[in-house]
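Participant: Got a structure for you, written out below as structure tokens; questions coming shortly.
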Amino acid sequence: MKNVQPKGSHFIDGAYVEDTAGREIPCVYAATGETVATLHAATPAVVDQALASAARAQKEWAALAPVARGRVLSRAAAILRERNEELSELESIDTGKPIQETLVADAASGAEALEYYGGLTATLTGETVPLGGDFVYTIREPLGVCLGIGAWNYPTQIACWKAAPALACGNAMVFKPSEVTPLCALKLAEIFIEAGAPAGLFNVVNGYGDAAASMVTDSRVAKVSLTGSVPTGQKVYAAAAEGMRHVTMELGGKSPLIIFEDADIENAVSAAINANFYSTGQICSNGTRVFVHEAIVDEFTERLLERTRKAIIGDPLDPETQIGPMITDTQRQKVLEYIEIGKAEGAELLLGGHAPEGAGYYIEPTVFGNVTDEMRIAREEIFGPVLSILTFGDEAEVVARANDTEFGLAAGLFTKDFTRAHRVVAQLQAGTCWINEYNLTPVEAPFGGVKMSGVGRENARAAIEHYSQVKSVYVAMGDVAAAF
Ligand code: TXE
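Be aware that the sequence shown starts at 3, since it is given in our numbering, and climbs by one per residue.
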């Protein structure tokens, strides 16, 4: 294993920073259980240094011409692309995701976000509102210092999805990665400096939840964007409310994937595979409740099992590997418990369900049949490679059942009937829907949840609304009327 120990645990004001007084953060390679790097959680002094330098850099950054800010983002995108191979390898070590995924889905997706917002930066303007003589003009202003808090499934992508729109709007960002994937965001911080960003504009503070919590309520923080679980989202949202801070919450899901009787079965099976087994099932928008019309459920299930049996589980750094380990042993245990719950609830275990012998936090891709709506495996976010097949008879029934969840992140459907596709999508309670696809999240499209899955939107122009505020300026062209 190559040496991945960073020069310091944090990246602040343009340089690596270390404070060994902070609690240890072991970075464990999930494929072997080996500790590949040891970092230290941020102490209050480190947190203070990060916020102070971000506040300083934000003023300098916001004073630049927008086109100059955009150029820095575009350069950062180009560097991510040039280093894609090296960054993908690090991502695979940090997360355990297969290299064949990380080569196309992580630094590459981060680069797209930076390209998109790099181009958008100089187009962000206010408007003029005529009032018949007097007029109003608006100024789109940055919020200030934004705090990004990341989950462990997509450390590079999450950092870029938050940083790119934040910086485009003239903000600075302090990013707190998940404690189980502390490595990748540090590289992004290096790249921003190389791309010409002022020192302090994008700082990385590693630590546990308490380090992030201490920043959520700091008076220097104007906005908090979290990707994580619903319980953490509730805590962070409530804490941010105290100071009336802006928030974006990208939280969990239990999304439906509906396969109608006229669907193209091979495409539907491909989508179900992507919606459940990509990144070993550790994706918030996964379509884990696969509703299949009763007329085709046997054919669909047979093809799904046939194809899933061929999945290559193995070393994430082997280009042949399609399924890597879970992120941690704790997460694997949680998933194994859900598999036991599913069996006890009467679901039929059709495939997998076991943790293979040997090192690493592996778990077989698992398929349950005969799942019913009230089972916990159909109601709770498992966050692992567990697919549940539920059957349905008609459209109104499946729409009602698909919506019968506290979550609302995503939904997908397969049909050749376009009238039905649009009719059903209009009724689905989800922030992102796919027709005859699943889990594609291009930067050009807004992404985010409804109900308990979150508030705000990432990506696209929609994110600009969540990283800026509008000032209205009334301009009088005549005398002031007063009563006396
Ligand atoms: O997430 P958390 P964890 C789900 C998934 C998983 C479970 C727990 O089901 O099993 O969540 O994972 C920081 N104030 N998802 O523990 O706790 C924390 O340090 C401020 C789904 O990793 O939500 C980390 O950086 N910050 C999800 C981030 O929040 C706090 C992706 C997320 O941690 C904090 C990840 C606090 N009080 C997990 N407590 C998805 N749907 O995408 C923790 N953090």
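Backbone N, C-alpha and C define an ideal beta-carbon position, used for all residues, glycine too. Predicted model, so just to flag it, every value in this text is computed and none were measured.
(1) Near GLY230, what residues of its chain come up, given a Cβ to Cβ distance below 6 angstroms and the 5 sequence neighbours on each side ignored?
(2) Just verifying my parser: in three-state terms, what is the DSSP assignment at ASN438?
(3) Decide yes or no for the touch test of the region 286-297 against the region 381-401: beta carbon pairs closer than 8 angstroms, at least 3 of them.
(4) Closest by CA to ALA70, which one among HIS356, CYS171 and LEU185?
(5) By a C-beta neighbour count over all protein chains shown, 10 Å radius and 16 as the cutoff for buried, is SER111 buried or exposed?
(6) Determine the closest residue to ALA65 out of LEU169, GLU366, ARG422 and ALA214, with distance taken between C-alpha atoms.
(7) Tell me the DSSP secondary structure of THR125 in three-state form.
(8) How far does the beta strand (DSSP E) with GLY414 in it reach, from first residue to last?
(9) Quick check on this structure: which residue in GLU268, ILE267, GLY289 and ASN269 has the alpha carbon closest to the alpha carbon of ALA277?
(10) Using a Cβ-Cβ cut-off of 8 angstroms (strictly less than) and excluding sequence neighbours within five positions of GLU467, which residues of its own chain qualify?
(11) Mind pulling the alpha helix (DSSP H) runs of 4 or more residues that sit fully within the region 312-354?
(12) According to the neighbour-count rule (16 or more other Cβ atoms, all chains shown, within 10 Å of its Cβ), is TYR476 buried or exposed?
(13) Exposed or buried, which one is PHE486 when buried takes at least 16 other CB atoms within 10 Å?
(14) With distances taken from CA atoms, which of LEU319, ASP264, THR407 and LEU89 is nearest LYS256?
(15) ALA187 to LEU89, Cα distance in whole Å?
(16) With distances taken Cα to Cα, identify the nearest neighbour of MET251 among LEU259, TYR239, ALA243 and PRO258.
(17) LYS453 and GLY410: beta carbons closer than 7 angstroms?
(18) Any beta-carbon of chain C closer than 7 angstroms to the one on ALA43?
(19) Could you check which residue in ILE379, LYS312 and GLN102 has the C-alpha nearest to that of LEU338?
(20) By Cβ distance below 6 angstroms, which residues in the same chain neighbour VAL427 in space, the five residues on each side in sequence not counted?
Facilitator: In terms of the structure at hand:
(1) ALA153
(2) coil
(3) yes
(4) CYS171
(5) buried
(6) LEU169
(7) helix
(8) 412-416
(9) GLY289
(10) ARG459
(11) 331-346
(12) exposed
(13) exposed
(14) THR407
(15) 10 angstroms
(16) TYR239
(17) yes
(18) Considering every chain present, this structure includes no chain C. It has just one protein chain.
(19) ILE379
(20) CYS435
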